[in-house]
Amino acid sequence: MSQPLSRESRGFPDYELPRLVRLTDNLHGAAFFLMKLLPARHMLDRAAADGRLKPGGTICETTSGTFGLALAMLAAVRGYKLILVSDPAIDEHLHKRLLELGVTLEIVEKPYEVGGFQTARLDRLRAALEANPGSFCPSQYGNADNPRAYAEVAEQIAERLGHVDCLVGTVGSGGSMSGIARFLRHLNPDLHVIGVDTPNSVVFGQPDGKRLLRGLGNSLVPPNVDHRQFDEVHWVGAAEAFLATRRLHQHHALYQGGTSGAAYLVAEWWARTHPDRKVVTLLPDEGHRYVATIYNDDWLAALPGWTGVLPEAPQPVAHPSDILPSWSSFRWDRRTLDEVLAAGTPVARNLAEAA
0 MSQPLSRESR GFPDYELPRL VRLTDNLHGA AFFLMKLLPA RHMLDRAAAD GRLKPGGTIC
60 ETTSGTFGLA LAMLAAVRGY KLILVSDPAI DEHLHKRLLE LGVTLEIVEK PYEVGGFQTA
120 RLDRLRAALE ANPGSFCPSQ YGNADNPRAY AEVAEQIAER LGHVDCLVGT VGSGGSMSGI
180 ARFLRHLNPD LHVIGVDTPN SVVFGQPDGK RLLRGLGNSL VPPNVDHRQF DEVHWVGAAE
240 AFLATRRLHQ HHALYQGGTS GAAYLVAEWW ARTHPDRKVV TLLPDEGHRY VATIYNDDWL
300 AALPGWTGVL PEAPQPVAHP SDILPSWSSF RWDRRTLDEV LAAGTPVARN LAEAA
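For the sequence shown, numbering that gives the first Met the number 0 begins at 0 and goes up steadily by one.
Printed below as a string of structure tokens:
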């Protein structure tokens with residue numbers, strides 16, 4: 000007879016790990032139902048085990064994306080109260096779903112001049128924590144349990160696919176790519192790791208600015224981003240990511256979101272130009288939230304500069320702070336952010352040109 004399942008241990012284990020789908024001869028996609036379920040469950044389990052999260056307790060976090068949905072799903076089945084701080088960029092579908100799951104949603108209406116919505120949301124989060132003594136904050140940007148959770152994905156990839164030459168994925172909080180790369184490198188120190196960001200995200204040294212493509216990038220540099228894991232960084236614009244998302248669906252029947260499209264664009268190019276190497280790309284979430292946008296031809300056609308044409312390859316740039324084309328690449332060479340940015344100063348560039 001099976002043991003009864005305690006409320007605090009309920010979850011969605013069949014949804015946590017990705018489907019591994021062969022896209023081409025040397026390219027596999029790790030297609031998630033909802034990637035953030037795995038780290039969210041891992042963080043809540045650890046917090047409940049060491050007493051930071053009490054039965055029926057309160058969870059407070061800042062998010063405008065799928066980490067909030069993952070927390071809401073777990074809070075609903077485990078009996079926790081959940082307060083999420085977000086901003087107007089949260090999409091209507093997600094907003095409604097969070098409310099349906101019983102979330103208290105606080106929307107920050109105005110960004111700070113320095114730090115934008117991210118910093119404004121962090122201040123509101125601190126206020127929520129102070130107003131709810133004893134509440135638990137997962138803190139996905141800095142919680143080491145975030146990248147640690149992805150050991151399960153790395154193990155799945157290694158067991159199913161064996162030796163992997165290249166890992167490609169988008170970077171937002173830093174948990175998935177930093178965690179999976181770190182674990183896979185124990186098996187293959189020569190693993191080539193490509194991080195995918197978007198212009199106007201500060202994660203890899205761009206100046207902060209408005210971004211249409213959501214789910215990757217950031218207005219601050221999360222501590223969980225281990226820049227030394229990355230050999231190469233690509234910046235993909237929204238139009239290119241959206242068109243690649245549609246191509247992923249049309250050619251491979253994978254109905255994913257825009258972050259998946261950005262990762263697929265880069266991974267397909269790298270696999271095509273390295274036919275003797277095995278490539279795995281992470282496809283973070285499904286496309287149901289984007290029926291009215293990415294999967295709507297009229298919406299796409301109304302985007303500024305929309306051409307409906309994908310570049311065949313990225314344009315290399317000399318430094319992350321440069322003005323970027325729609326899809327660009329940069330040799331990161333496993334350096335820290337400070338090392339890369341220092342190499343782009345006028346003095347450093349003059350020395351490099353003279354050498």
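Glycine included, each C-beta is placed from N, C-alpha and C at the ideal position.
What you are looking at is a predicted structure, and each value in this text was computed from that prediction instead of being measured.
Beta-carbon contacts of residue i that lie in its chain and below 6 Å, excluding the five residues immediately before and after
{"i": "I179", "result": "Y149, V152, A153"}
{"i": "G174", "result": "P38, N145, P146, N223"}
{"i": "V76", "result": "R9"}
{"i": "F355", "result": "The requested residue 355 is not part of the displayed model; the chain covers only 0 to 354."}
{"i": "H248", "result": "Y254"}
{"i": "H41", "result": "D144, A148"}
{"i": "N131", "result": "T57"}
{"i": "E158", "result": "none"}
{"i": "A243", "result": "G260, Y263, L264"}
{"i": "H92", "result": "R288"}
{"i": "V167", "result": "I193, A262, V265, A266, T280"}
{"i": "P313", "result": "H233, W326, S327, S328"}
Cutoff 8 Å: residue i Cβ touching any chain D Cβ
{"i": "V232", "result": "The structure shown contains no chain D; it is built from a single protein chain."}
Own chain, CB closer than 8 Å to residue i, minus 5 neighbours either side, in chain order
{"i": "S320", "result": "G204, Q205, P206, L340, G343"}
{"i": "E231", "result": "H191, V192, I193, G194, S328, F329, R330, W331"}
{"i": "G214", "result": "G64, T65, T169, G171, G256, G257, T258, P283, D284"}
{"i": "R227", "result": "R333, R334, T335"}
{"i": "M34", "result": "P17, T65, S175, L281, P283, D284"}
{"i": "I293", "result": "F241, T244, R245, G256, G257, G260, G286, L299"}
Opposing strand residues paired with residue i [DSSP bridges]
{"i": "L104", "result": "L83"}
{"i": "Y111", "result": "G115"}
{"i": "D196", "result": "W234"}
{"i": "F135", "result": "I58"}
{"i": "L166", "result": "V192, V279"}
Same chain, Cβ closer than 7 Å to residue i, five either side skipped, listed in chain order
{"i": "L98", "result": "L104"}
{"i": "H185", "result": "none"}
{"i": "I106", "result": "S85, D86, P87"}
{"i": "L121", "result": "T61"}
{"i": "F11", "result": "L36, M72"}
{"i": "T272", "result": "none"}
{"i": "A69", "result": "L33, K35, L36, A39"}
Residue i to residue j span [Cα, whole Å]
{"i": "A270", "j": "P315", "result": "17 Å"}
{"i": "V235", "j": "E60", "result": "28 Å"}
{"i": "F355", "j": "G50", "result": "The structure shown does not extend to residue 355, since the chain is modelled only from 0 through 354, so no value can be given for it."}
{"i": "P303", "j": "L219", "result": "26 Å"}
{"i": "L212", "j": "A237", "result": "5 Å"}
{"i": "L26", "j": "R246", "result": "15 Å"}
{"i": "E338", "j": "V202", "result": "14 Å"}
{"i": "P54", "j": "K95", "result": "26 Å"}
{"i": "V163", "j": "G216", "result": "25 Å"}
{"i": "V363", "j": "K80", "result": "Nothing about residue 363 can be reported from this structure: the residues present for the chain run from 0 to 354 only."}
{"i": "P324", "j": "R45", "result": "42 Å"}
{"i": "F241", "j": "H287", "result": "14 Å"}
{"i": "T62", "j": "V113", "result": "19 Å"}
{"i": "H251", "j": "P221", "result": "33 Å"}
{"i": "Y140", "j": "V20", "result": "29 Å"}
{"i": "M0", "j": "L128", "result": "Note on M0: pLDDT 46, under 50, position unreliable in the model; the coordinate value appears next. The straight-line gap from Cα to Cα measures roughly 42 Å."}
{"i": "R123", "j": "Y111", "result": "12 Å"}
{"i": "P137", "j": "L43", "result": "7 Å"}
{"i": "E108", "j": "A119", "result": "9 Å"}
{"i": "C165", "j": "A266", "result": "9 Å"}
{"i": "F31", "j": "Y14", "result": "8 Å"}
{"i": "P345", "j": "N199", "result": "Because P345 sits at a pLDDT of 48, beneath the cut-off of 50, its placement in the model cannot be relied upon, and the point is left open."}
{"i": "T197", "j": "V279", "result": "20 Å"}
{"i": "F182", "j": "G28", "result": "18 Å"}
{"i": "A353", "j": "A317", "result": "Residue placement at A353 is flagged as unreliable, the pLDDT there being 41, under the threshold of 50; a coordinate-derived value is accordingly withheld."}
{"i": "L309", "j": "K209", "result": "22 Å"}
{"i": "G115", "j": "R276", "result": "40 Å"}
{"i": "N295", "j": "T23", "result": "27 Å"}
{"i": "L299", "j": "G307", "result": "8 Å"}
{"i": "L83", "j": "S177", "result": "25 Å"}
{"i": "L52", "j": "D225", "result": "27 Å"}
{"i": "A74", "j": "L100", "result": "8 Å"}
{"i": "A291", "j": "G67", "result": "21 Å"}
Original post:
What runs of the alpha helix (DSSP H), each 4 residues or longer, lie entirely inside the region 231-259?
Top reply: 237-251
Original post:
Going along the chain, which unbroken runs of the beta strand (DSSP E) with 3 or more residues stay wholly within the region 3-69?
Top reply: 18-23, 26-30, 57-61
Subject >> alpha helix (DSSP H) runs wholly inside the region 280-337, at least 4 long, in chain order >> reply: 296-300
Original post:
Taking one C-beta from the region 152-172 and one from the region 82-93 each time, how about it: are there three or more such pairs within less than 8 Å?
Top reply: no
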